[in-house]
Amino acid sequence: MSEPSTKPYLIRAIFDWCADAGYTPYLAVQVDEYTQVPMAYVKDGKIVLNIGVDAVRNLQLGNEDITCGGRFGGVAHQIIVPMSAVIGIFAKETGQGLVFQGQESTPVGGSGKTDESPEDPPPQGRPTLRVVK
Numbered sequence: 069m070s071e072p073s074t075k076p077y078l079i080r081a082i083f084d085w086c087a088d089a090g091y092t093p094y095l096a097v098q099v100d101e102y103t104q105v106p107m108a109y110v111k112d113g114k115i116v117l118n119i120g121v122d123a124v125r126n127l128q129l130g131n132e133d134i135t136c137g138g139r140f141g142g143v144a145h146q147i148i149v150p151m152s153a154v155i156g157i158f159a160k161e162t163g164q165g166l167v168f169q170g171q172e173s174t175p176v177g178g179s180g181k182t183d184e185s186p187e188d189p190p191p192q193g194r195p196t197l198r199v200v201k
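Using the numbering used here, the first residue of the sequence shown is number 69, and each one after it goes up by one.
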């Protein structure tokens, strides 16, 4: 049996920290063919979701995926985000959180190929997240 991924545990830890501190947890997602979100709100293959207790219903932070019900433009939607599609989780108020590198998912509409050659050095500096409204 393979060792379980630490990703869902880290996501739950940051979520709990946000709740304890009174912060709003935001989930950054790379939308792929397995991600179920309202596509009208996806920008550049990504979406940022408010997963705070006041924003969603029936939130389940499972080991394989994150599910909840949410409203977008007043319309109810069922949200399903596979763990492989999660880019990061952070507090809206402070920007503190975690960014996950080495994503396994392929963006919707993407071929999975990049224009980078394998010889290109990795980007320097800290990763950044921005809120997409």
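In this text, a Cβ means the ideal position worked out from N, Cα and C, and glycines have one as well.
**OP:** Return the chain-ordered list of same chain residues with a C-beta closer than 7 Å to the C-beta of residue 91, the five sequence neighbours on each side being excluded.
**Re:** 159, 160, 161 and 162
Subject >> residue 74 versus residue 117: straight-line alpha-carbon distance, rounded >> reply: 21 Å
Original post:
Ordered along the chain, which non-local residues of its own chain (more than five positions away) have a Cβ less than 8 Å from that of residue 126?
Top reply: 135, 136 and 137
**OP:** Counting only runs of 4+ residues fully inside the region 89-122, write out the alpha helix (DSSP H) ranges in chain order.
**Re:** none
**OP:** State the Cα-Cα distance for the pair residue 103 and residue 81, rounded to the nearest angstrom.
**Re:** 22 Å
**OP:** Quick one: residues in its chain with C-beta nearer than 6 Å to the C-beta of residue 124, no 5 flanking neighbours on either side, listed in chain order?
**Re:** 136 and 138
Original post:
Leaving out five residues before and five after residue 166 in sequence, what residues of the same chain have Cβ atoms less than 7 Å from its Cβ?
Top reply: 78, 82, 156 and 157
Subject >> Distance CB(residue 151)-CB(residue 76) smaller than 7 Å >> reply: yes
Original post:
Quick one, are the C-beta atoms of residue 93 and residue 140 less than 7 Å apart?
Top reply: no
Subject >> Option nearest residue 130 by Cα separation, candidates 164, 149, 122 and 86 >> reply: 149
Original post:
Apart from the five residues on each side of it in sequence, which residues of its chain come closer than 6 Å, Cβ to Cβ, to residue 86?
Top reply: 93 and 159
Subject >> Per-residue burial, residue 89 [other beta carbons within 10 Å of its own, 16 or more giving buried] >> reply: exposed
Original post:
Can you tell me where the beta strand (DSSP E) with residue 165 in it begins and where it stops?
Top reply: 165-167
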